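Chemist:
Numbering (the working numbering), first residue to last: -4 to 404.
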C-alpha cells in the first residue's frame, strides 16, 4: 500500500510538472523574463500585479501561482501583438485612403498619396483594359503594353487622383465630421498644398492624354478632349455652385459614369479608334452599375451629409430604401447588359458569363450589405466588386470579338 501511495504521488507530481512545462513552452519569450530569476523573479512579477494594502503596505491577496503568472504574461503578449497589427492596418489604410485610417504624423509623400485615394484607382485602370479588349485591335507587344500602362497612369493616379484631391478640398468641412483622419481636416496638409497638388495632377493628366493622341496617330486629339470632359465633370461634381454630389441621383450617376465609361472610351480610342455610338451607350448603361457603387459610398457619410443638408440617396430615402435602390441598380443593369450582349451582339457565351458573375454579387449583397450597409460597406465592396469588374471585362471581350467578326479577322 505504501508503495502504491508513493507511485500515485509521483504520477501527480509528474502531471503538474508536465503542465507547467507545456504552459512555459507556449509562452516561452515572456516566461523566461518572469521566471529566469528563480523564485525571486516570480515574487517580483506577482508583486507587480497585486495591489498593496493601504494600511500596512502588504499585499492584499496571496501570491499568484506560477501557472497564473505565465498565463497572464501570455495574455499580455497577445494584446501587444493585436495592438501592433491594428497599428499596421491603420497605416496601410492611411496610404490607401480608406475608412478608419491612422491620423499619426507621416512623411509628406504618404499624406499626399492618401489624399489621392489609391484604392479608387483600380476600377479606372481596369476600365482601360476593358476598352483595349473592346477595340478588337490590341495585340501583345512591348509598344502596346507601354501605351496601355501610360493610359492607365492617366486614368488612375493622375486624373482620378485629381478628382479625389479636389473632392477632399471642397469636402473638408464634411470630412471633419465624417472622416476626421483625412489629410486636410487632420491638419497633415494645408489647403494651399492641396490646391497645388490637384492643379499639378490635372496638368499631368491632360499632358499625358495629348501624348497618347500623338502616339496613336489620331487626326483629332480625341483622348485629350475626353480628358478635358472628364476633368470638368469631376470639378462640377465637387465644387460650388453646381456641386453635383448634392443632387442625389445626378451626382451619383456622374461619378459612376466617370468610373466606367470614360476609361473604357480611352482604351478603345487608343488602340482601335473605333468607338461607336452603340458601344458608347452600352458603357453609359453599365455606368448605372457605377451609380449603385457610388451610392454604397454615401452610406458611411450619412450623418455629416444630413447635418450639412446634402441630398445623398441615403439621406433622402433613408437607409432601408436606399440599400434596395443600390442593389437593384447594380443587378438590373448587369442583366440588361447581358441581354444586349446576347441579342444585340450575338455573343451567347459572353452573355452567360456575365449572368454567372452576377450570382456571387447577389450572395454578398444579402450576406453583408443588406443587413448593415453602414457597417459593412467596405467589406461588401471588397467581396462583390471583383465579380462586377470581371463582368465588365467579359462585356469588353464580347464587343472586341464582335468587332473582329465585322472586320473579317
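Using N, Cα and C, we set each Cβ at its ideal position, and we do this for glycine too. The model shown is predicted, which means the values in this text are computed figures rather than measured ones.
1) Verify whether the separation of the beta carbon atoms of residue 260 and residue 276 is less than 8 angstroms.
2) Does the Cβ of residue 395 have 16 or more other Cβ atoms within 10 Å, making it buried, or fewer, making it exposed?
3) Under three-state DSSP, which class holds residue 71?
4) Determine, using beta carbons only, whether residue 219 and residue 230 come nearer to each other than 8 angstroms.
5) Shortest alpha-carbon distance to residue 258 belongs to which of 403, 376, 134, 147?
6) Looking at residue 387: is its Cβ nearer than 8 angstroms to the Cβ of residue 116?
7) Let me confirm a value: residue 398 is counted as buried when at least 16 other C-beta atoms fall within 10 Å, else exposed. Which label applies?
8) Which of helix, strand or coil does DSSP assign to residue 185?
9) Hey, quick one: how far does the alpha helix (DSSP H) through residue 377 stretch, first residue to last?
10) Can you tell me the Cα-Cα spacing of residue 307 and residue 63, whole angstroms?
11) Please say whether residue 286 and residue 316 have beta carbons closer to each other than 8 angstroms?
12) Residue 338: buried (16+ other C-beta within 10 angstroms of its C-beta) or exposed?
13) Find the nearest neighbour of residue 402 within the set 126, 66, 131, judged by alpha-carbon distance.
14) So which of 155, 329, 289, 214 has the shortest CA-CA distance to residue 349?
15) Suppose you measure from the CA of residue 294 to the CA of residue 210; what does that come to, to the nearest Å?
16) Have a look at residue 154 and residue 378 and give me their C-alpha separation to the nearest angstrom.
17) Using 8 angstroms as the threshold, is the C-beta distance between residue 255 and residue 281 below it?
18) Residue 111 lies in the alpha helix (DSSP H); which residues open and close that run?
19) If you drop the 5 nearest sequence neighbours on each side, which residues of the same chain put their C-beta closer than 8 angstroms to that of residue 292?
20) Answer yes or no: do residue 289 and residue 226 have a C-beta to C-beta separation smaller than 8 angstroms?
21) How many angstroms separate the CA atom of residue 5 from the CA atom of residue 66?
22) Would you decide whether residue 309 is buried or exposed? Buried here means 16 or more other CB atoms lie within 10 Å of its CB.
23) State buried or exposed for residue 2, treating a residue as buried only when at least 16 other CB atoms are found within 10 Å of its CB.
24) Could you tell me if the beta carbon of residue -3 falls within a distance shorter than 7 angstroms of some heavy atom in the ligand FAD?
25) Using alpha carbons as the reference points, say which of 362, 213, 228 lies closest to residue 159.
Modeler: Taking the definition as stated:
1) no
2) When all chains shown are included, residue 395 counts as buried.
3) helix
4) Pairing residue 219 with residue 230 gives a Cβ-Cβ distance that is not under 8 angstroms.
5) Residue 258 has its Cα closest to that of 147, out of 403, 376, 134, 147.
6) no
7) buried
8) Judged by DSSP in its simplified three-state form, residue 185 adopts coil rather than helix or strand.
9) Run containing residue 377: 372 to 401, per the alpha helix (DSSP H) assignment.
10) 55 angstroms
11) no
12) Exposed, since its Cβ has fewer than 16 Cβ neighbours within 10 Å.
13) 131
14) 329
15) 42 angstroms
16) 26 angstroms
17) For residue 255 and residue 281, yes; Cβs fall inside 8 angstroms.
18) Neither: residue 111 is in no alpha helix (DSSP H) and is coded neither H nor E.
19) 372
20) no
21) 25 angstroms
22) Buried is the call here.
23) Around the beta carbon of residue 2, fewer than 16 other beta carbons sit within 10 angstroms, so the residue counts as exposed.
24) What this structure holds is no ligand at all, so the ligand FAD is not there to describe.
25) 228
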